[in-house]
């Protein structure tokens, strides 16, 4: 996850319904599959960073934070 050493890997998410998770839970927060799809789509809209750059502009962070707030309950 951006800005931390934490990570989660789900293999073959788009290979079929049997590979998809119903939800991801972290602490007291739950992210359901449809909310995860919203986050994936939002992050894909940013495009690939140039030269492996992993920093977001403040405007990109603000936009992503809004999407996360709506989808990560």
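Residue numbers (the numbering used here): 106 to 178.
Note that CB positions come from ideal geometry on N, CA and C, so glycine has one too.
### Message
Rounding to the nearest angstrom, what Cα-Cα distance links residue 167 and residue 110 in this structure?
### Response
On the chain shown, residue 167 is found 62 positions in, with the first residue counted as 1. On the chain shown, residue 110 is found 5 positions in, with the first residue counted as 1. Taking the straight line joining both Cα atoms gives about 21 angstroms.
### Query
Does the Cβ-Cβ distance between residue 136 and residue 129 come in under 7 angstroms?
For the purposes of this step, residue 136 is identified with residue 31 of the chain shown, where counting begins at 1. For the purposes of this step, residue 129 is identified with residue 24 of the chain shown, where counting begins at 1. Yes, the Cβ-Cβ distance between residue 136 and residue 129 is below 7 angstroms.
#### Entry: For residue 136, the three-state DSSP class (helix, strand or coil)
Against the chain shown, residue 136 aligns to sequence position 31. Note: residue 136 maps to strand in three-state DSSP.
### Task
Compute the distance between the beta-carbons of residue 172 and residue 147, then report whether it is under 7 angstroms.
Position 67 of the chain shown, counting from 1, holds the residue named residue 172. Position 42 of the chain shown, counting from 1, holds the residue named residue 147. Going by C-beta atoms, residue 172 is nearer than 7 angstroms to residue 147.
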